[in-house]
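Novice: Numbering (the working numbering), first residue to last: -8 to 292.
1) Below 8 Å, can you find three or more Cβ-Cβ pairs linking the region 94 to 101 to the region 44 to 54?
2) Is residue 232 helix, strand or coil when you go by DSSP?
3) Who pairs with residue 201 in a beta bridge, going by DSSP?
4) Is DSSP giving residue 285 helix, strand or coil here?
5) Pull up the DSSP beta-bridge partners for residue 332, would you.
6) By how many angstroms is the C-alpha of residue 216 removed from the C-alpha of residue 234?
7) How many angstroms separate the CA atom of residue 157 from the CA atom of residue 206?
8) Starting from residue 157, follow its DSSP beta bridges and name the residues at the other end.
9) For the alpha helix (DSSP H) containing residue 84, name the first residue and the last one.
10) If I follow the unbroken alpha helix (DSSP H) through residue 223, where does it start and stop?
11) Looking at the unbroken alpha helix (DSSP H) that takes in residue 4, where does it start and where does it end?
12) Report all residues from its chain with a CB closer than 6 Å to the CB of residue 182; omit the five preceding and five following residues, and keep chain order.
13) Going by the beta-carbon positions, is the gap between residue 87 and residue 115 smaller than 9 Å?
14) Rounded C-beta distance between residue 299 and residue 291? I'm assuming under 8 Å.
15) Residue 159 and residue 223 - do their beta-carbons sit closer together than 9 Å?
16) Pick out whichever of 31, 82, 126 has its Cα sitting closest to the Cα of residue 109.
17) Residue -2: buried (16+ other C-beta within 10 angstroms of its C-beta) or exposed?
18) At a threshold of 8 Å, does residue 173 count as lining the ligand PLP (C-beta to nearest heavy atom)?
19) From the DSSP output, in three-state form, read off residue 149 for me.
20) Identify whether residue 180 lies in helix, strand or coil by the three-state DSSP scheme.
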């Protein structure tokens, strides 16, 4: 075995978090895996892992090596793909992370369909509203609906998600229908918090220009579904992705208001590390997700 082989093994140990799981997956013994990692540490003259009876964790040197060795592992996989070809014989695992709203709307169902279609590809889907570090945490793909600032990532736009202002018919009957943005000041508005920061500023278009309107309310949440449920409970007015409330709009349990003043939209992106070009498995999954979203385009636009 070469040092490169041991580096790939090291990446697998980090991602599985266990010598025994890697040994079982590769049909090796625990001692062989342990010896190869020890040999790698000796050749590099650096400790890579802290070992306890309960878990493994990376040293600073180990974290640096993992980020670089992951690129080596991906390069090996891409080289193998180039020789063996693609099609129905593709196999392997894809680690995906996405926020809860995206998963609930259509994408978790779409990934299920993808797994049925490609029986030898497995998917680990991690649902969290936390902004995951793809490289540090070993993810192949993230779905994000936010402005992208990380230059180490490549983003492919899947669809634009339009936002609307809405309330229940009962709330509007009791408190009055709004006709102009300035009337928001006298209403209870439900405020979305992102990364623990309240977003009590709504971008609205007035006389053809964007203006930032400050709103106030007693209910704040970092979860859009919680904002939606509070709206359905007649607590106030919300600014939400259309896709999240599409069914309620169709059933008239929510009413869109101030429509001519709202143009907010956020791109939904498939994001992956710049250090690599996506292999065919990843390309297929991204395209499958894009098609699934566009099939329900009326939900988003």
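No residue lacks a Cβ here, since even glycine has one placed at the ideal position from N, Cα and C.
Specialist: By the coordinates alone:
1) Too few Cβ pairs lie closer than 8 Å, so no.
2) For residue 232, the secondary structure class from DSSP, reduced to helix, strand or coil, is strand.
3) Answer is 196, bridged to residue 201.
4) Of the three classes helix, strand and coil, the one that applies to residue 285 here is helix, per DSSP.
5) Here the chain comprises residues numbered -8 to 292, so residue 332 is not present and cannot be evaluated.
6) Approximately 12 Å between the Cα atoms of the pair.
7) Cα to Cα, residue 157 sits roughly 14 Å from residue 206.
8) DSSP output for residue 157 lists 229, 247 as bridge partner(s).
9) Segment 83 to 89 is the beta strand (DSSP E) holding residue 84; no alpha helix (DSSP H) there.
10) 215 to 223 is the extent of the alpha helix (DSSP H) around residue 223.
11) Counted as a single uninterrupted DSSP element, the alpha helix (DSSP H) harbouring residue 4 occupies residues -6 to 7.
12) Its chain contains 189, 191, 208, 211 as the residues whose beta carbon lies nearer than 6 Å to that of residue 182, once the 5 sequence neighbours on both sides are disregarded; these appear in chain order.
13) With contacts defined by Cβ atoms closer than 9 Å, residue 87 and residue 115 form a contacting pair.
14) Limits of the chain in this structure are -8 at one end and 292 at the other, which puts residue 299 out of reach.
15) The Cβ atoms of residue 223 and residue 159 lie closer than 9 Å to each other.
16) For the residues 31, 82, 126, the minimum Cα distance to residue 109 belongs to 82.
17) With 16 or more other Cβ atoms from the protein chains shown falling within 10 Å of its own Cβ, residue -2 counts as buried.
18) Only the bare structure without any ligand can be found here, which leaves the ligand PLP out of the picture.
19) Here residue 149 sits in strand by DSSP.
20) Residue state, collapsed to three classes: strand.
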